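For the record, the sequence lines run as chains A and B.
Under the working numbering, the residues of the first sequence are numbered 1 to 259, in order.
Under the working numbering, the residues of the second sequence are numbered 260 to 327, in order.
What follows is one structure encoded as structure tokens, with my remarks underneath.
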Amino acid sequence: MDTLNIAGKAYQSRLLVGTGKYKDFTETRAAIDASGAEIITVAIRRTNIGQHAGEPSLLEYLPPEEFTYLPNTAGCYSADDAVRTLRLARELLDGHRLVKLEVLGDPTTLYPNVVETLKAAETLVKEGFDVMVYTSDDPIIAKQLEEIGCCAVMPLASLIGSGMGILNPWNLQIIIENAKVPVLVDAGVGTASDAAIAMELGCQGILMNTAIAGAHNPVLMASAMKKAVEAGREAYLAGRMPKKLYSATPSSPTTGMIG
Amino acid sequence: MIHLTINGNSRQFDVATLTVAELVQTLGLTGKRLAIERNGDIVPRGLFADTALNDGDKLEIVGAVGGG
């Protein structure tokens, strides 16, 4: 069975999805069901005190018993803030260890700050977290994050929320070839073909949010992404034919022609 | 009177003593899945009832929300 193995656990689905930017929780749930994702990211934020105390929570629509929660550090710009956020997440989710670390460097581009990311990763690994780490597509940084002990390295394909697709397949390929832990593309996928291309490169999985939530029909796009990730994975395993400028060998026999 | 800063907002409670568990109840958050940090340190859920708050404490009360 071809499974995605992260921190000692096997997953059938190679598509990980975010839970943000949906119209409402019903749509969130429907899209996640259509995606087939088993791992879903959540953000940690201040609880509404007072006026909105009774409003429904994400957890009621996506029970932690049904999914593997991946709490993130979205919005953190320093190692300290990221570590603090994930300590709270661990308490919130009853000792849960699997987390997504991301430390941003700039609020306009949301480009990762790899210096702070490396610092936070060291602390979190020491504290026993299983760290899936969002990073740039720099192969050296990706390797360093692996050496620190991160359980998965997740380079961007293009900037968060940009939908620009796979901008540097060559760097991703270098990262994948050098890695001994799963490499997942996190951020930048815009449509199904982008997901297939990432998987054909040999990525172990893809994490996405806006590509689904930002589609005109998020539930249908979630289904498309599920198929694209599966198709790309199968194509990778199958091993594509080599590219050639032209072929002197047609697909039909050259013998037995009439006349 | 106990003054607390909760999620960045100043709040006053007209009581002599207040535990974290009592605060959670007062705020209508009983039964909600949340995590609490007090002056930078996490208060484990199992210690809510035994943790007395002091005047001037800064609290962060967080939960899980949609995110990517």
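Here a beta-carbon is modelled for each residue, glycine too, at the ideal position from N, C-alpha and C.
Just so you know, these numbers come straight off a predicted model, no measurement behind them.
So is residue i in contact with chain A if we call contact Cβ pairs under 8 Å?
i	result
Asn-313 (chain B)	no
Lys-317 (chain B)	no
Asn-266 (chain B)	yes
Arg-297 (chain B)	no
Ile-320 (chain B)	yes
Gly-326 (chain B)	yes
Ala-294 (chain B)	yes
Ile-301 (chain B)	yes
Leu-282 (chain B)	no
Leu-288 (chain B)	yes
Ala-308 (chain B)	no
Ala-275 (chain B)	no
Whole angstroms are fine: how far does the CA of residue j sit from the CA of residue i?
i	j	result
Ala-34 (chain A)	Tyr-11 (chain A)	16 Å
Thr-109 (chain A)	Ala-294 (chain B)	30 Å
Arg-297 (chain B)	Glu-281 (chain B)	15 Å
Ile-6 (chain A)	Pro-182 (chain A)	7 Å
Asn-48 (chain A)	Glu-122 (chain A)	32 Å
Glu-55 (chain A)	Lys-227 (chain A)	34 Å
Met-164 (chain A)	Gly-105 (chain A)	19 Å
Ala-308 (chain B)	Asp-24 (chain A)	35 Å
Asp-273 (chain B)	His-262 (chain B)	9 Å
Gly-315 (chain B)	Arg-45 (chain A)	22 Å
Arg-233 (chain A)	Asn-266 (chain B)	44 Å
Met-154 (chain A)	Gly-256 (chain A)	53 Å
Leu-88 (chain A)	Gly-214 (chain A)	29 Å
Gly-95 (chain A)	Met-132 (chain A)	16 Å
Gly-20 (chain A)	Ile-206 (chain A)	16 Å
Pro-63 (chain A)	Val-42 (chain A)	12 Å
Thr-276 (chain B)	Thr-285 (chain B)	13 Å
Ser-78 (chain A)	Lys-291 (chain B)	29 Å
Pro-139 (chain A)	Val-189 (chain A)	19 Å
Arg-90 (chain A)	Gln-271 (chain B)	29 Å
Val-99 (chain A)	Leu-312 (chain B)	30 Å
Gly-18 (chain A)	Val-324 (chain B)	10 Å
Gly-305 (chain B)	Ile-320 (chain B)	15 Å
Pro-242 (chain A)	Asp-2 (chain A)	24 Å
Pro-107 (chain A)	Cys-203 (chain A)	27 Å
Thr-73 (chain A)	Glu-102 (chain A)	6 Å
Met-199 (chain A)	Glu-60 (chain A)	32 Å
Asp-81 (chain A)	Gly-322 (chain B)	16 Å
Ala-152 (chain A)	Leu-318 (chain B)	33 Å
Pro-218 (chain A)	Cys-76 (chain A)	27 Å
Val-302 (chain B)	Gly-287 (chain B)	18 Å
Leu-118 (chain A)	Ser-158 (chain A)	20 Å
Taking the beta strand (DSSP E) that residue i belongs to, which residues open and close that run?
i	result
Tyr-69 (chain A)	68–71
Asp-186 (chain A)	184–186
Gly-322 (chain B)	317–325
Arg-297 (chain B)	294–297
Gln-271 (chain B)	268–272
Asn-5 (chain A)	4–6
Pro-155 (chain A)	152–155
Lys-100 (chain A)	98–101
Ile-206 (chain A)	205–208
Answer yes or no: does any C-beta atom of chain B fall closer than 8 Å to that of residue i?
i	result
Ile-49 (chain A)	yes
Thr-22 (chain A)	Sequence check: residue 22 (chain A) is Tyr here, not Thr. Yes, because at least one Cβ of chain B sits closer than 8 Å to the Cβ of Tyr-22 (chain A).
Ile-44 (chain A)	yes
Thr-108 (chain A)	no
Asn-178 (chain A)	no
Glu-91 (chain A)	yes
State the CB to CB distance for the pair residue i and residue j, rounded to an integer number of angstroms; the pair is presumed to be in contact (CB under 8 Å).
i	j	result
Leu-156 (chain A)	Asp-186 (chain A)	6 Å
Leu-149 (chain A)	Val-125 (chain A)	One point to set straight first is that residue 149 (chain A) is Gly, not Leu, in the sequence displayed. The pair is a contact, with the Cβ atoms about 4 Å apart (cut-off 8 Å).
Ala-231 (chain A)	Ala-196 (chain A)	5 Å
Ile-176 (chain A)	Leu-201 (chain A)	6 Å
Val-229 (chain A)	Leu-15 (chain A)	5 Å
Ser-13 (chain A)	Ala-37 (chain A)	5 Å
Arg-97 (chain A)	Asp-130 (chain A)	5 Å
Asp-137 (chain A)	Leu-172 (chain A)	6 Å
Taking the alpha helix (DSSP H) that residue i belongs to, which residues open and close that run?
i	result
Leu-220 (chain A)	218–238
Tyr-11 (chain A)	Tyr-11 (chain A) -> not in any alpha helix (DSSP H); beta strand (DSSP E) instead, spanning 9–11.
Tyr-77 (chain A)	Per DSSP, Tyr-77 (chain A) belongs to no alpha helix (DSSP H) and is neither H nor E.
Asn-48 (chain A)	Per DSSP, Asn-48 (chain A) belongs to no alpha helix (DSSP H) and is neither H nor E.
Is the region 54–69 of chain A in contact with the region 105–121 of chain A, if contact means three or more CB pairs nearer than 8 Å?
no
**Prompt:** When the Cβ atoms of the region 219–227 of chain A are set against those of the region 242–254 of chain A, are three or more pairs found closer than 8 Å?
**Reply:** no
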